[in-house]
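These protein sequences, in sequence, are chains A and B. Numbering of the first sequence is given in this note's numbering, commencing with residue 19 and proceeding in unit increments. Numbering of the second sequence is given in this note's numbering, commencing with residue 14 and proceeding in unit increments.
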Amino acid sequence: MKSCAIASVFAACFFAHCRPIDDCVLGATRCSGNVAEICDADGSYHELADCDLVSEQSGAPFVCAFVDETTEDGRVTGHTCVPAADPAAGGGSDR
Amino acid sequence: MKGFLQSLPVVGKVFVDIQPEEVWAFWRFMQDHYRTTVVNKRDALEMQLVAQALDALGIQSRDRFLRNFTTTLGRRIYTPFEVGSPRGGWDLWSQVVICVHEHQHVVQHDREGLSFEVSYLADRAARARWEAEAYRSNLELHFWRYGTTPSARRIAEVLGDYGCRPEDVDVAAKSLALSAVSIRKGAVINEATHVALGWLDEHVPRLRAKGVV
């Protein structure tokens, strides 16, 4: 019975993609290689956008970079994919 | 409102931007590409059962679930409308947008396997993440059509209807806002959008916003 319960928990954990907690701040972002990631409410980073894939689909090279823009939602800051030729792309990706 | 106007006999044509047969052809194309089937939600016993369960749990009223939400399970897409027939809340363009949104869920299903469905049901943060990704297609389609992106915060707040917590909504809003920055710079992030834009560019280029390449 006990082994069945452990197996069930393991299976649920496996299928639900249990992963180590990064202890990151909710909404924090970073570049991991050329992938933009964002910190979820569960304290782990998850992929926001794979800039290599974006490059393939957009027909132009995109790189992960930090942006700081004012939009109708207010000020938006964080890491995302921007065109390689964009001024933000030259600002470094590790801010 | 627009869907209701489009559904009116005779005068409805005045409000039609994309033709019903174009919407139908678009759905057909996406279904062929992703090997999906479309089922009318009201006719599906499994959706009636889900609606009852959600109602009983107090998560969402039965009628609201059946009338306002399109649902995807695996490769079956349950729509609360007949594709190509406009009605209140489901104008023709919104039927195109929801088609791409739901097919992005199929992409997630293909990419993640069973863990997509399990985490969607069991983990509110994951559900917010999957939906934020799918709603990104709505942003991408809006940009293609109008050359602007709508409020990311307003879209993210819809996730309250999915049982997500305020903190999940906050992350989704930021994720969508950052995606919108990329989209305005020409990025196509979602695979389903990439596939859809290929068809839309070829068959209904008149709908594309001027200046969007």
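Each residue gets a CB set at the ideal place from its N, CA and C atoms; glycine is no exception. Just so it is clear, the structure is predicted and the values come from calculations on it, not from any experiment.
Under the 9 Å criterion on CB atoms, Arg158/B is classed as non-interfacial with respect to chain A.
By the CB criterion at 9 Å, Val184/B and Glu170/B fall outside the cutoff. DSSP places Asp104/A in no alpha helix (DSSP H); its state is neither H nor E. When DSSP states are grouped into helix, strand and coil, Val96/B belongs to the coil group. Counting along the chain, the unbroken alpha helix (DSSP H) around Thr206/B starts and ends at Glu204 to His216.
As the crow flies, the alpha-carbon of Ile90/B is around 24 Å from that of Val217/B. At a cut-off of 9 Å between beta-carbon atoms, Gly96/A makes contact with chain B. Here the alpha carbons of His46/B and Ala57/B stand approximately 23 Å from one another. Per the DSSP secondary-structure output, Trp103/B pairs in a beta bridge with Arg100/B. Going by C-alpha positions, Gly160/B is about 8 Å away from Arg197/B.
Using a Cβ distance threshold of 9 Å, Val100/A and Val85/A count as a contacting pair.
Judged by DSSP in its simplified three-state form, Leu70/B adopts coil rather than helix or strand.
Between Ser20/B and Gly97/B, the C-beta spacing is not below 9 Å. Secondary structure at Asn81/B: helix, using DSSP grouped into helix, strand and coil.
Look at Val225/B: its C-beta is not under 9 Å from any C-beta on chain A. Our two residues, His97/A and Pro22/B, have alpha carbons roughly 49 Å apart in a direct line. Excluding five sequence positions before and after Glu204/B, the CB atoms of its chain that fall closer than 8 Å to its own CB belong to Gln117 and Val120, given in chain order. Per DSSP, the continuous alpha helix (DSSP H) segment holding Glu146/B begins and ends at Arg137 to Tyr159. With respect to Arg142/B, Arg178/B sits apart: the two C-beta atoms are not nearer than 9 Å. Taking 8 Å as the upper bound on Cβ-Cβ separation, chain A lies near residues Arg178, Glu180, Asp181, Asp183, Val184, Ala186, Lys187, Ser188, Ala190, Leu191, Ser192, Ala193, Val194 and Ser195 of the region 167 to 197 of chain B. Contact with chain B is absent for Cys49/A, since none of that chain's Cβ atoms lies less than 9 Å from the residue's Cβ.
Of all residues in the region 69 to 85 of chain A, those with a C-beta nearer than 7 Å to a C-beta of chain B are Val72, Gln75, Ser76, Ala78, Phe80 and Val85, reading in chain order.
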